[in-house]
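In the numbering used here, each residue's number is its place in the sequence shown (first place is 1) plus 304. The structure appears right after this line, and notes come after that.
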Amino acid sequence: MAVPKNKISKSKTNSRFASTFKVKTPGLVECPQCHEFKKSHQMCPKCGYYNGEKIVDLKED
């Protein structure tokens, strides 16, 4: 069985795992009703439409 010859420091170990973790930007798409950016597969927070149907009536101030 293989045994390491020297101790591997915590920073060396952590940097190996840190290279695979990347923060990704959310997938934003344009709403076909109001043309604002929204998350894909979510209801539009500005107009309340999803998939061409009115889901929520939003009261405008």
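From the three backbone atoms N, C-alpha and C, an ideal C-beta is built for every residue, glycine too.
C-beta atoms of residue i and residue j nearer than 7 Å
i: Pro330; j: Lys342; result: no
Assigned secondary structure, residue i (DSSP; H/G/I helix, E/B strand, else coil)
i: Lys314; result: helix
i: Phe325; result: coil
Contact test: residue i Cβ vs the ligand FAD heavy atom, cutoff 6 Å
i: Thr317; result: Judged by which ligands are present, the structure shown has none, so any question about the ligand FAD falls away.
Supposed contact pair residue j and residue i - C-beta distance, whole angstroms, cut 8 Å
i: Lys358; j: Cys335; result: With a Cβ gap of about 13 Å, Lys358 and Cys335 do not count as contacting.
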